[in-house]
Amino acid sequence: MKSLRQELEKIEEQVLSPFAAKSARTKGRLRPEEECEVRTSFQRDRDRIVHAKAFRRLKHKTQVFLSPGGDHYRTRLTHTLEVAQIARTMARALRLNEDLTEAIALGHDLGHTPFGHAGEAILNELNPEGFRHYEQSLRVVDFLEKEGKGLNLTREVRDGILKHSKGKGPILPKDKTQLAATLEGQLVRVADIIAYLNHDLDDALRGNVIKEADIPKECLRILGKRHSERINTMVRSIIYSTLGADDGELHIEEHVMWAMEKLREFLFEKVYEASPVYDEMQKAKKLLRELYFYFLENGLPWEKSSIYQKETSIHQKICDFIAGMTDRYALSLFEKYFVPRPWPI
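Numbering (UniProt numbering), first residue to last: 1 to 345.
Spelled out as structure tokens, the structure:
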């Protein structure tokens with residue numbers, strides 16, 4: 001008698017696009033393990049990520065605005081959820097594997113530092129081996145979770161997590177080595193930028209960092225004047241362009257791609273690198289720099305040395321510790337180590 005998982009795998013073979021990744025054909029895990037009778041491999045990966053400690057910590061990590069007073073600003077967790085929603089919408093329309101898509105989306109920022117990209121920048125500066133959040137995300141799922149055992153995810157999910165980031169680079173680069181091996185992983189890469197282009201713009205307007213009149217008018221003309229309209233334009237462009245080409249690659253209309261890149265340039269200039277945001281990020285960098293050198297001199301308060309191999313450098317351990325912090329935990333440690341306390345009576 002076939003298991004429920006096998007029935008689901010059969011449905012995937014019948015329903016999904018020829019270009020979709022199929023659960024039954026996964027390239028496997030780092031360590032072989034017995035299959036689940038109920039869930040496919042990619043479903044299990046998605047569930048493991050949702051139940052991970054690193055996933056829960058995302059709710060107290062900065063997206064763009066540090067410790068905002070309002071409740072409606074995005075955090076790293078709400079960003080992740082928006083990426084997953086956008087990616088799944090596109091995956092369903094393209095008949096790609098939704099479970100794989102969602103697993104990659106939910107895990108893509110697990111290694112992100114406190115205080116957003118300011119934290120990533122300072123760790124990259126201080127660690128002799130550098131620091132990149134997408135590599136740290138893979139380190140989280142491969143090693144740091146479950147006391148050094150990791151989550152033992154499939155190779156497709158791990159590849160998608162590692163290849164999700166693009167920085168200021170092309171949204172859909174011609175160099176295929178920069179892209180995930182699966183279309184699902186590539187879809188998350190695009191969903192990530194669709195999400196942050198729109199919600200960071202929304203938060204910047206809410207925070208009075210920019211005004212509606214500041215947004216490039218040509219971007220509004222092409223993408224739309226409302227938040228939902230802009231997302232819809234980008235998503236529909238990718239779906240219909242990709243379906244029209246039907247060649248196993250993602251596509252987007254040139255004028256929509258131009259508007260997305262123009263909007264990204266605007267956000268870097270007027271939001272991420274603008275004085276109100278930049279000044280606070282510099283403070284965050286100084287805070288993490290002081291913590292880094294404190295741990296380098298005094299050792300870590302939490303080392304869990306039993307999970308590390310002897311050759312693991314102190315720099316790597318410090319990066320693991322700091323990258324895993326929430327904003328508020330980093331602030332509390334800084335206060336503990338560097339802010340004088342009144343002497344008790």
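Cβ atoms here follow ideal geometry from the backbone N, Cα and C, with glycine treated the same way.
Please report the distance separating the alpha-carbon of residue i from that of residue j.
| i | j | result |
| --- | --- | --- |
| glycine 185 | lysine 149 | 24 Å |
| histidine 60 | aspartate 327 | 6 Å |
| glutamate 34 | serine 41 | 10 Å |
| cysteine 219 | lysine 168 | 18 Å |
| threonine 242 | isoleucine 49 | 29 Å |
| proline 340 | phenylalanine 334 | 11 Å |
| proline 342 | serine 332 | 16 Å |
| valine 277 | isoleucine 122 | 16 Å |
| isoleucine 252 | serine 237 | 5 Å |
| arginine 76 | histidine 199 | 11 Å |
| threonine 177 | tyrosine 337 | 44 Å |
| histidine 51 | glutamine 14 | 30 Å |
| residue 357 | arginine 25 | The requested residue 357 is not part of the displayed model; the chain covers only 1 to 345. |
| aspartate 47 | isoleucine 104 | 11 Å |
| aspartate 246 | arginine 95 | 12 Å |
| leucine 300 | tyrosine 294 | 9 Å |
| asparagine 124 | histidine 164 | 18 Å |
Is residue j closer than 8 Å to residue i when the C-beta atoms are compared?
| i | j | result |
| --- | --- | --- |
| leucine 100 | leucine 138 | no |
| alanine 91 | leucine 153 | no |
| leucine 197 | methionine 260 | yes |
| glycine 248 | phenylalanine 19 | yes |
| glycine 28 | arginine 155 | yes |
| valine 83 | glycine 107 | no |
| methionine 234 | isoleucine 194 | yes |
| arginine 206 | glycine 70 | yes |
| arginine 56 | glutamine 63 | no |
| isoleucine 86 | isoleucine 222 | no |
| residue 353 | alanine 93 | Since the first residue shown for the chain is 1 and the last is 345, residue 353 is missing from the structure and cannot be characterised. |
| valine 271 | alanine 330 | no |
| glutamate 147 | isoleucine 307 | yes |
| lysine 174 | arginine 189 | no |
| arginine 31 | arginine 5 | no |
| leucine 58 | leucine 172 | no |
How would you write the range of the alpha helix (DSSP H) that residue i sits in, first residue to last?
| i | result |
| --- | --- |
| histidine 199 | 183-206 |
| glycine 160 | 155-162 |
| alanine 245 | 227-245 |
| valine 277 | 275-298 |
| aspartate 109 | That residue, aspartate 109, is in no alpha helix (DSSP H); it is neither H nor E in DSSP. |
| threonine 75 | That residue, threonine 75, is in no alpha helix (DSSP H); it is neither H nor E in DSSP. |
| valine 339 | Unbroken run through valine 339: none, as it is neither H nor E. |
| tyrosine 134 | 133-139 |
| tryptophan 258 | 254-267 |
| serine 41 | 41-50 |
| glutamate 147 | Looking at the DSSP string, glutamate 147 is not in any alpha helix (DSSP H), and its letter there is neither H nor E. |
| asparagine 124 | 116-126 |
How many whole angstroms separate the CB atoms of residue i and residue j, which I take to be in contact at a CB cut-off of 8 Å?
| i | j | result |
| --- | --- | --- |
| residue 350 | threonine 80 | Lying outside 1 to 345, the shown extent of the chain, residue 350 is not represented and no answer is given. |
| lysine 10 | leucine 16 | No, lysine 10 and leucine 16 are not in contact; Cβ-Cβ is about 11 Å, not under 8 Å. |
| isoleucine 318 | leucine 296 | 6 Å |
| alanine 180 | glycine 160 | 5 Å |
| phenylalanine 266 | proline 216 | 6 Å |
| serine 3 | glutamate 37 | 4 Å |
| asparagine 97 | glutamate 229 | That pair is no contact at about 28 Å. |
| glutamate 145 | alanine 54 | 6 Å |
Sorry if obvious, but does the Cβ on residue i come closer than 7 Å to a heavy atom of the ligand MN?
| i | result |
| --- | --- |
| leucine 223 | This structure simply doesn't include the ligand MN, nor any ligand for that matter. |
Original post:
Just checking, does the segment 196-212 make contact with the segment 123-130 on the three C-beta pairs under 8 Å criterion?
Top reply: no
Original post:
Are three or more beta carbon pairs between the segment 282-293 and the segment 112-126 nearer than 8 Å?
Top reply: yes
**OP:** Say whether the segment 262-277 touches the segment 289-304, bearing in mind that this needs 3 or more beta-carbon pairs closer than 8 Å, one atom from each stretch.
**Re:** no
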